[in-house]
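Visitor: In the UniProt record's numbering, the protein residues as written are 1 to 340. My structure is below; once you've seen it, I'll send some questions.
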């Protein structure tokens, strides 16, 4: 049984169904991402193609042909997506992406159930559970060790750009108290605007830094915003004898990387192999899955540390994130109550 119908859950359910396993995908159909556009890395395209949804996703998305950054200092650096062998990233509407992936899982033979988990213990009737509930970790919160490295507050808006012409590029800009991100939404006529800062964020400043402000025509952003808490952390290991964590329940990354959905799709194959192995009493694939998760964690922390050091910022936000990240090498199934 897979609990959670986002990209991670749908992709793992598709992998399991394709392998001939009897799998149920449980999704509560709540649209957590409705107001928010997201960027899907080009490297995710092979998985989308294998699942048969690439053309549909591309048709409902906007290509992001260039990544710009003011990081650090006033100069803007730009990187063209033409160098990416997989093609440009896509600005996607998460609710539509999730629906397409769930439909693919259903088409492969997964049983789709619209419901939500009230009591995680109920799910133990399944031979192996897959926790695809995101950073809430509904099934694995008290069952798998979790290393929390950071928690960030993300304020989000939809806004019109100053220039009505198409703007197929993203912009990341460092600020003293965090950083800002703007990118086209899937329709291409508005921008997704995100400010990332510290919790609790009671003193939210809505004045973006120079290049972001210029892109928005120096208009004041609305006082009301949509908020998310972004957790950076990982399960170590991401499995036990009857439970496998996937997606953000296995490894949750800094939104700066724009790699959360890509990682979820990238790890779906190894996660499904872990489930199939556990069903057969073989823990080898689960250990291999843990190594795959760990490789993504190490890669992400190295990149994150590099970009944090580049800012040269000396405010509390940046000083806090210059501290070395905790990295544990544990890879064995957890038992008993764990830190969360």
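Heads up, the beta-carbon is just placed ideally off N, CA and C, and yes, glycines get one too.
(1) On the criterion of 16 or more Cβ atoms from any shown chain inside 10 Å, does residue 122 qualify as buried, or is it exposed?
(2) By DSSP, does residue 18 sit in helix, in strand, or in coil?
(3) Looking only at its chain, what residues have a beta carbon closer than 8 Å to the beta carbon of residue 71, apart from the 5 residues adjacent to it on each side?
(4) Under 6 Å Cβ to Cβ from residue 251, same chain only, skipping five residues before and after it: list those, please.
(5) Give the straight-line distance between the Cα atoms of residue 79 and residue 66, rounded to the nearest whole angstrom.
(6) What are the residues that DSSP puts in a beta bridge with residue 181?
(7) Would you kindly report the start and end of the unbroken beta strand (DSSP E) that includes residue 66?
(8) Who does residue 38 pair with in a DSSP beta bridge?
(9) In this structure, how does DSSP classify residue 4 when only helix, strand and coil are distinguished?
(10) So residue 100 and residue 43 are in contact, right, with Cβ under 8 Å, and what is the actual spacing, rounded?
(11) Going by DSSP in three states, residue 54 sits in which element: helix, strand or coil?
(12) Quick check: the Cα distance between residue 154 and residue 264, rounded to an integer number of angstroms?
(13) According to DSSP, is residue 342 part of a helix, a strand, or is it coil?
(14) In terms of residue numbering, what span does the alpha helix (DSSP H) encompassing residue 269 cover?
(15) Starting from residue 287, trace the beta strand (DSSP E) both ways and give me its first and last residue.
(16) Does the Cβ-Cβ distance between residue 238 and residue 244 come in under 8 Å?
(17) Please identify the residue among 220, 273, 303 and 62 whose C-alpha is closest to the C-alpha of residue 160.
(18) From the DSSP output, read off the bridge partner residues of residue 150.
(19) For the structure I just gave you, are there three or more beta carbon pairs, one from the segment 192–211 and one from the segment 122–142, closer than 8 Å?
Guide: Let's see:
(1) Only weak support is given to the placement of residue 122: the predicted model assigns it a pLDDT of 49, under 50, and the value that follows is read from those uncertain coordinates. Result: exposed.
(2) Helix, per DSSP.
(3) So the list reads 77, 172, 173, 174, 179, 307, 310 and 311, once near-sequence residues are dropped.
(4) Result list for residue 251: 234, 293, 296 and 297, in chain order.
(5) Taking the straight line from one Cα to the other gives about 6 Å.
(6) Its beta-bridge partners are 172 and 194.
(7) Run containing residue 66: 66–70, per the beta strand (DSSP E) assignment.
(8) Here residue 38 is bridged, per DSSP, to 92.
(9) The three-state secondary structure of residue 4, taken from DSSP, is coil.
(10) Rounded, the Cβ-Cβ distance is 18 Å, inconsistent with contact.
(11) Looking at residue 54 - three-state DSSP - the assignment turns out to be helix.
(12) Taking the straight line from one Cα to the other gives about 20 Å.
(13) Nothing about residue 342 can be read from this structure; the chain reaches only from 1 to 340.
(14) Here the alpha helix (DSSP H) through residue 269 covers 268–279.
(15) Judged by DSSP secondary structure, residue 287 falls outside any beta strand (DSSP E) and instead within the alpha helix (DSSP H) spanning 284–311.
(16) Taking 8 Å as the cut-off, the beta carbon of residue 238 is found closer than this to the beta carbon of residue 244.
(17) Residue 160 has its Cα closest to that of 220, out of 220, 273, 303 and 62.
(18) According to DSSP, residue 150 bridges with 232.
(19) Touching, no.
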